[in-house]
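Q: The structure is given below, and queries will be raised subsequently.
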Amino acid sequence: MKRLLFIAGFLIITTGLFAQVTELPNGNVGIGTSLPQEKLHINGSIRGNSTGGALRVKTSSGNLDLGAQNTSWAHIYTDRPKIIFNRDVYTVTNAFSSYNNDLILKTKGTERLRIDDQTGNAIFTNSLKSNGTVNGLKGVFDSSSLGGNGWIPVSIGREYKTDRRTFEFVVDPTNTGSGYTAFGITDQSENLRHDFVSNNTSTWIDLDDHKGTHFFKLNRSETAPGKFATYIHMPTSDARIVIGQYGGYLSNEGYKLVVNNGGALINGDFIANGNVGIGTTTPDAKLAVNGTIHTKEVKVDLVGWADYVFEEAYNLPTLQQVEDHIATKGHLINIPSAKEVEAKGIKLGEMNAKLLEKIEELTLYTIAQEKKIVNQENRNTKLETVIQKQESINDQLKINNQNLEARLAKIEAFLKKK
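With mature numbering (1 follows the signal peptide of the UniProt record, and there is no 0) applied, the sequence shown covers -19 to -1, 1 to 399.
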């Protein structure tokens, strides 16, 4: 505090002949200004003539020295471990440099990038999965480096040559604000090319093989205003996708998609134009399942249901004919035998129709039998009525007989008295 008062007093004395000194009632002192905004407000330059030509600002937390200590450059020193800027730092010359040492860039106090002051090599530390050094980086990132198509040529690891476009990068080369970003890699013969392109409507990645064959594309494009589509394109005839351990699937051209040692979840429709096999590699139908199917319902589109059994022209076999066929063949008429089913299987829709045919025939037999039973019951009812009438007559005859017997007994008793 004493040093600060001494410096302030010294400045007031040395500038008293040239500047106005103002002291406000709030304690603010101004030099060269009549409206000081701080305790000491100087409208002009301040010069310190301490050792080395530095002006020191000191607080209870530390100090900061500012000044030129020689004729080559000015210095900023502090006794604290770091200097904090609360705003962006700009340079007029657009350059940052170190003196007789490597240039180091840090984040959160950790070294991320070091540029060797002797070789100029850029060494990335902890910013890559494994530490890496980019040697001999030769790239010019200004408009003079742009080619006719706006690509920026960059060589990493060796000298750039006009006939060997090793790596290309561009960001909006036409300066039209279209948001165009791209990079590409091409060999000397321009066969091996890998491109990444992104603009306001599309983003895609292209891959070519060593013979110049385009074999992979990942694309997301705007198909209509506000509507986008994403697709993966593998245009070669030998393309296939293997998920999991590929084994021999890479040489087997029979499968375009292989999911090995795992399952696949499809939340949507699964459409196949060919045969689908489950539990078999040789499906012989649109859906071939070598195993058990567990389902809540099966729907079969079928033409020709068994309602023809109820038509008048249908020749319903008699029960005697059915009995004779079973005795001879061992199965129902128009139903395959056990050997046929074992050898050829059955068609679900066709077999259901045949079973319905038998059910409907059985229904007709039951109806006919029911009619016979009803007729017999009617006859029995009539007979019961006749029997009931006869029983009523018999009962009346019994009563008459009893009356006659009583009268006869009275007559016999009367005759005995005489």
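Think of the CB as a built atom: it goes at the ideal place given N, C-alpha and C, for glycine as much as any other residue.
In whole angstroms, what is the alpha-carbon distance linking Asp123 and Asn102?
A: The pLDDT assigned to Asp123 is 41, lower than 50, so where the model puts this residue is not dependable, and the model offers no usable value.
Q: Using the Cβ count rule (16 or more neighbours within 10 Å means buried), how would you classify Glu331?
A: It counts as exposed.
Q: For the pair the segment 364 to 371 and the segment 308 to 317, tell me if three or more CB-CB distances fall below 8 Å.
A: Verdict: no, contact absent.
Q: Quick test of the definition: if touching needs 3 or more C-beta pairs under 8 Å, does the segment 303 to 310 touch the segment 257 to 266?
A: Cβ pair count under 8 Å is below three, so no.
Q: Starting from Glu4, trace the alpha helix (DSSP H) in both directions and tell me its first and last residue.
A: Where Glu4 is concerned, there is no enclosing alpha helix (DSSP H), although the beta strand (DSSP E) it sits in stretches over Val2 to Glu4.
Q: Take Leu329 and list the residues in its own chain whose beta-carbon comes closer than 8 Å to its own, dropping the five residues that flank it on each side.
A: Answer for Leu329: Val279 and Val281, listed in chain order.
Q: Give the DSSP bridge partners of Tyr212, in chain order.
A: BP columns for Tyr212 point to Asn200.
Q: Can you list, in chain order, the residues of its chain whose CB lies under 8 Å from that of Asn44, leaving out five sequence neighbours each side?
A: Answer for Asn44: Arg37, Val38, Thr59 and Asp60, listed in chain order.
Q: Among Leu336, Leu364, Thr299 and Thr211, which residue has its Cα nearest to the Cα of Gln350?
A: When each option's Cα is compared against that of Gln350, the closest is Thr299.
Q: State the DSSP-derived secondary structure class of Glu92, mapped to helix, strand or coil.
A: Three-state result, Glu92: strand.
Q: With a 10 Å radius around its C-beta and 16 neighbouring C-beta atoms as the bar for buried, classify Pro62 as buried or exposed.
A: Answer is exposed; the Cβ neighbour count stays below 16.
Q: Looking only at C-alpha atoms, which of Asn181, Ser53 and Asn180 sits nearest to Tyr80?
A: The residue with the shortest Cα to Cα distance from Tyr80 is Ser53.
Q: Hey, is Gln99's beta-carbon within less than 8 Å of any beta-carbon in chain C?
A: Looking for chain C here will not work: only one protein chain is present.
Q: What is the rounded straight-line gap between the Cα of Glu323 and the Cα of Ala210?
A: Approximately 51 Å, taken between the alpha carbons.
Q: With DSSP run on the structure shown, which of helix, strand or coil describes Val38?
A: Looking at Val38 - three-state DSSP - the assignment turns out to be strand.
Q: Cβ atoms of Lys20 and Gly8: under 8 Å apart, would you say?
A: Yes, the Cβ-Cβ distance between Gly8 and Lys20 is below 8 Å.
Q: How about Asn242 and Val223: are their beta carbons less than 8 Å apart?
A: Cβ distance not < 8 Å, so Asn242 and Val223 don't count as in contact.
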